[in-house]
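Enquirer: Quick one: this structure, given as structure tokens, is what I'll be asking you about.
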Amino acid sequence: GLNFGIDFRGGTLMEMQAKNGKPDIAHVRQTANAFGFGEVEVQEFGSGGELSMRFALQPGGEVAQQGVVTKARAAFAQDYDFRRVETVGPRVSGELVQAGTIGVVLAIIGVLVYLWFRFEMQLAIGAIVGTMHDIVLTLGFFLFTQLEFNLTSIAAILTIVGYSLNETVVVFDRTRELLRRYKTMPVEELLDLSVNSTLSRTAITSTTTVLALIALVLFGGTAIEGFALVMLFGVVVCTYSAMFISTPVLLYLDVRAGRLDQSEDTAEAKARV
Numbered sequence: 008g009l010n011f012g013i014d015f016r017g018g019t020l021m022e023m024q025a026k027n028g029k030p031d032i033a034h035v036r037q038t039a040n041a042f043g044f045g046e047v048e049v050q051e052f053g054s055g056g057e058l059s060m061r062f063a064l065q066p067g068g069e070v071a072q073q074g075v076v077t078k079a080r081a082a083f084a085q086d087y088d089f090r091r092v093e094t095v096g097p098r099v100s101g102e103l104v105q106a107g108t109i110g111v112v113l114a115i116i117g118v119l120v121y122l123w124f125r126f127e128m129q130l131a132i133g134a135i136v137g138t139m140h141d142i143v144l145t146l147g148f149f150l151f152t153q154l155e156f157n158l159t160s161i162a163a164i165l166t167i168v169g170y171s172l173n174e175t176v177v178v179f180d181r182t183r184e185l186l187r188r189y190k191t192m193p194v195e196e197l198l199d200l201s202v203n204s205t206l207s208r209t210a211i212t213s214t215t216t217v218l219a220l221i222a223l224v225l226f227g228g229t230a231i232e233g234f235a236l237v238m239l240f241g242v243v244v245c246t247y248s249a250m251f252i253s254t255p256v257l258l259y260l261d262v263r264a265g266r267l268d269q270s271e272d273t274a275e276a277k278a279r280v
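The sequence shown maps to residues 8 to 280 in the working numbering.
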């Protein structure tokens, strides 16, 4: 499943850096497990002798959680510098899960409402399919890589939803324009023309975004590395899905100029109401 971070699971997270060379993962794990706070997850990350320890949520509230921090500092302070210490209680983690879920659901509902009024029914369905495709693949990326899924991940998913919608709107605007202009052109050729006429714009925008994200991955540090990696994956997925997922869906929906005109009349009537 997803590798939920401390934001959602609760507990204590510590990030340390070895003062002299490579950290001894086995020794740290053995020492931490001997504390009696349950099994401890110890992982090495980065390239500068850094490691993280994750302790499960302790019964006894905030006092018990602080006891974990105190014991760890006493055991490892001589050989390691503590770079980051986070403690999240059960109530806070539950509230964060609820807030994150509500945020994602409201964002998706907002996208659906926007597409309903922005496009005709068939185009809106195509855009929704493309957006859902991008969300599912992004979650799959988290599953495959086991990147930590935390509040920053929620922000990345919402950003990807917006980027996906933007890419699809560009292609579908051109599709709608061409449907009005070439009412007798076969739909397959018209959709191909729509994609080709927006390809240069899409390529330039995506390439610029990807270059910026690569810079963040390489030089942004561990704090935003996960966010940048997910965004890098999401931008690539959004770029191809706008052309090769959302647009082909219109073929199955039998988009034609006549139907488009009828849908536009309905959309205008809804807007007036």
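Built from N, CA and C at the ideal position, the CB exists for glycine as well.
So the candidates are 74, 29, 11; which of them puts its Cα closest to the Cα of residue 48?
Expert: Looking at the Cα atoms, 11 is the closest of the given residues.
Enquirer: From this set, 254, 21, 104, which residue's C-alpha is nearest residue 84's C-alpha?
Expert: Looking at the Cα atoms, 21 is the closest of the given residues.
Enquirer: For residue 111 and residue 28, what's the separation of their Cα atoms in angstroms?
Expert: Whole-angstrom Cα-Cα distance: 42 Å.
Enquirer: Where does residue 79 sit, in a helix, a strand or coil, going by DSSP?
Expert: DSSP places residue 79 in helix when its eight states are reduced to three.
Enquirer: When you compare each of 223, 192, 58 to residue 32 by their alpha carbons, which one comes out closest?
Expert: Among 223, 192, 58, the Cα nearest to that of residue 32 belongs to 58.
Enquirer: Indicate the three-state DSSP secondary structure (helix, strand or coil) for residue 262 in the structure shown.
Expert: Note: residue 262 maps to coil in three-state DSSP.
Enquirer: Pair every Cβ in the region 246 to 261 with every Cβ in the region 128 to 139, then say whether three or more of these pairs are closer than 8 Å.
Expert: As far as the Cβ criterion goes, the region 246 to 261 touches the region 128 to 139, which means the pair count is three or higher.
Enquirer: Given this structure, state the Cα-to-Cα distance separating residue 8 from residue 107, to the nearest angstrom.
Expert: C-alpha separation (whole angstroms): 18 Å.
Enquirer: Residue 192 lies in the alpha helix (DSSP H); which residues open and close that run?
Expert: Run containing residue 192: none; DSSP gives neither H nor E here.
Enquirer: Pull up the distance between the alpha-carbon of residue 19 and that of residue 50, whole angstroms please.
Expert: Roughly 14 Å between the two C-alpha positions.
Enquirer: Can you tell me which of 191, 127, 146 puts its alpha carbon nearest to the alpha carbon of residue 183?
Expert: Among 191, 127, 146, the Cα nearest to that of residue 183 belongs to 127.
Enquirer: Between residue 157 and the rest of its own chain, which residues show a CB-CB distance below 6 Å, the 5 nearest in sequence each way excluded?
Expert: Here the set comprises 12, 14.
Enquirer: Given a cut-off of 9 Å, decide if residue 207 and residue 243 are closer than it, judged by their beta-carbon atoms.
Expert: No, the Cβ-Cβ distance between residue 243 and residue 207 is not below 9 Å.
Enquirer: Go ahead and pull the three-state DSSP assignment for residue 22.
Expert: Strand, per DSSP.
Enquirer: Tell me whether residue 48 sits in a helix, a strand or coil according to DSSP, three-state version.
Expert: Of the three classes helix, strand and coil, the one that applies to residue 48 here is strand, per DSSP.
Enquirer: For the alpha helix (DSSP H) that contains residue 130, what are its first and last residues?
Expert: 128 to 152 is the span of the alpha helix (DSSP H), which, as asked, contains residue 130.
Enquirer: Once DSSP output is grouped into helix, strand and coil, what is the label at residue 58?
Expert: Looking at residue 58 - three-state DSSP - the assignment turns out to be strand.
Enquirer: What are the boundary residues of the alpha helix (DSSP H) that includes residue 86?
Expert: Run containing residue 86: none; DSSP gives neither H nor E here.
Enquirer: Please return the same chain residues whose Cβ sits closer than 7 Å to the Cβ of residue 181, not counting the five positions on each side in sequence.
Expert: Only 201, 204, 205 meet the Cβ criterion.
Enquirer: Label residue 280 either buried or exposed according to how many other C-beta atoms from any shown protein chain fall within 10 Å of its C-beta, with 16 as the threshold for buried.
Expert: For residue 280, the predicted structure reports a pLDDT of 47, less than 50, and the residue's modelled location is therefore unreliable. A value from the coordinates is still provided. So residue 280 counts as exposed.
Enquirer: How about residue 218 and residue 235: do their beta carbons lie closer than 9 Å?
Expert: Contact flag unset, no.
Enquirer: What would DSSP say about residue 157, mapped onto helix, strand or coil?
Expert: Three-state result, residue 157: coil.
Enquirer: Where DSSP assigns a beta bridge to residue 251, which residues make up the other side?
Expert: Beta-bridge pairing links residue 251 to no other residue.
Enquirer: Quick check on residue 116: buried or exposed, where buried means 16 or more other Cβ atoms within 10 Å of its Cβ?
Expert: With fewer than 16 Cβ atoms within 10 Å of its Cβ, residue 116 is classed as exposed.
Enquirer: Taking the continuous alpha helix (DSSP H) assigned at residue 40, which residues delimit it?
Expert: Where residue 40 is concerned, the enclosing alpha helix (DSSP H) stretches over 32 to 40.
Enquirer: Apart from the five residues just before and just after residue 215, which ones in its own chain have a Cβ nearer than 6 Å to its Cβ?
Expert: So the list is empty, once near-sequence residues are dropped.
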